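Below is one structure, written out as structure tokens; comments come after it.
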Amino acid sequence: MKTMSTRILMLLSCALSLPLAGAAGCDTGGGDDDEGDEGATMRPGDACLSCHGPSAEEAAFTVAGTVFNDVDGTAGVDGATVTLVDADGAKVKLSTNSAGNFYTGKALSFPVDVTISKGGDTVEMTAAGNGDCNSCHGDGNAVHLP
Ligand code: HEC
Ligand code: HEC
């Protein structure tokens, strides 16, 4: 898993179109073995909003993260339902993709209550203070079902 500073470096190198040692220019996918494909299944477990924050040139998300099958982030869980209820009661329902990733660009008021469920298993977090789920749920502390 890359460190935050490496991610920022990669972003900067993309923004400036400079090649970075070990990374092929704006490569957002392969390279590290914990990374998925490009786009929606990219970088499961990484802090999505470090690149997809409100001022992102790429898709800007308000909430994004990854649901895994255990705390170590061994494999993504496909087809889990992620329900968000924001501070104003607005509800957003998302579904995880084949990498376990979920994301939305919908404007939400924080904190946000989170419920994640699949096949009778449910996990919850009350009052998540921001939408960059993987920034807090890193190695050994992944968002996971069951
Ligand atoms: C290091 C920066 C970086 C991180 C971290 C990152 N992304 Fe991306 N993402 C990009 C870039 C650059 C693109 C545009 C190129 C591409 O599609 O690969 C992109 C594209 C996407 C797209 C396609 C957007 C569109 O409009 O086509 C989705 C969806 C996406 N990312 C989701 C995620 C999710 C979910 C995470 C976290 C699990 C994540 N990304 C983490 C940089 C990043
Ligand atoms: C600021 C750090 C932080 C952010 C951001 C965050 N969490 Fe959490 N999360 C925690 C902590 C700490 C706990 C354990 C204590 C608790 O439940 O409040 C937790 C607990 C959880 C749990 C329950 C884990 C279990 O074993 O029952 C789930 C599920 C969860 N978070 C999902 C999410 C999702 C999804 C997001 C993004 C919307 C998110 N979290 C954002 C810090 C964070």
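Note that my numbering has the sequence shown beginning at 820, numbered continuously upward. Ideal Cβ positions, reconstructed from N, Cα and C, are used throughout, including at glycine. Note that this is a predicted model, so its numbers are computed, not measured.
Cutoff 9 Å: Val931 Cβ touching any chain D Cβ: Reference to chain D is not applicable here, since this structure consists of a single protein chain.
Identified DSSP bridge partners for Thr885: Position 66 of the sequence shown, counted from the start, is the residue given in the question as residue 885. Note: Thr885 is bridge-paired with Asn920 in the DSSP secondary-structure output.
Top-ranked residue by Cα proximity to Glu877, from Gly858, Gly919, Val890 and Phe921: For this step, residue 877 is matched to residue 58 along the sequence shown. Looking at the Cα atoms, Gly858 is the closest of the given residues.
Chain-order list of residues whose beta-carbon lies under 7 Å from that of Asp940 (same chain, five-residue window excluded): Numbered from 1 along the sequence shown, position 121 holds the residue referred to as residue 940. These residues qualify, in order along the chain: Leu964 and Pro965.
CA nearest to the CA of Asp889, picked from Asp907, Tyr922, Gly864 and Gly948: The sequence position of residue 889 within the sequence shown is 70, counting from 1. Closest option to Asp889, Cα to Cα, is Gly864.
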